[in-house]
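S.K.: Take the sequence shown: its letter number 83 is residue 83 in the UniProt record's numbering, and every next letter is one higher. Cβ coordinates follow ideal geometry from the N, Cα and C atoms, glycine included.
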Amino acid sequence: MHNPPHPGEVIKELCLDPLGLTVTAAAEALGVSRKTLSAILNGKAGISPEMAIRLSIAFDTSAESWLTQQAQYELWHAEQHRKDLNVKKLVAA
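1. Please report the residue range of the alpha helix (DSSP H) in which His77 lies.
2. Count the other CB atoms within 10 Å of the CB of Ile47; is the residue buried (16 or more) or exposed (fewer)?
3. Between the alpha carbons of Ala29 and Lys44, how many angstroms are there, rounded?
4. What residue range is occupied by the uninterrupted alpha helix (DSSP H) comprising Lys35?
5. Assuming Leu55 is part of the alpha helix (DSSP H), what are its boundary residues?
6. What is the residue span of the alpha helix (DSSP H) that Thr24 lies within?
Below, the structure written as structure tokens:
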């Protein structure tokens, strides 16, 4: 797996920019605060299940696709610290 983009980057580049939407206008349409949407767009917050549903309604996409993007982003970053985890392999006795 390569380094996937944060879902906020995807929202900005593929949803907001092509429609010429400002953060304020998009936040209003999504029914969230500008601060909430800005945090997602700047990679400071992730996509919650509720936000995934909001995005799916607003942009005619699936909520699952947004949650999948978030999971892939988080898993890739967690994998970068895999060697730092103190875990022992379990085997049948």
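M.R.: The structure says:
1. Start and end: Ala63 to Glu79.
2. Burial is judged here by how many other beta carbons sit within 10 angstroms of a residue's own beta carbon; Ile47 has at least 16 and is buried.
3. Rounded to whole angstroms, Ala29 and Lys44 show a C-alpha spacing of 21 Å.
4. Unbroken alpha helix (DSSP H) run through Lys35: Arg34 to Leu41.
5. Start and end: Pro49 to Phe59.
6. Per DSSP, Thr24 belongs to the alpha helix (DSSP H) from Val23 to Leu30.
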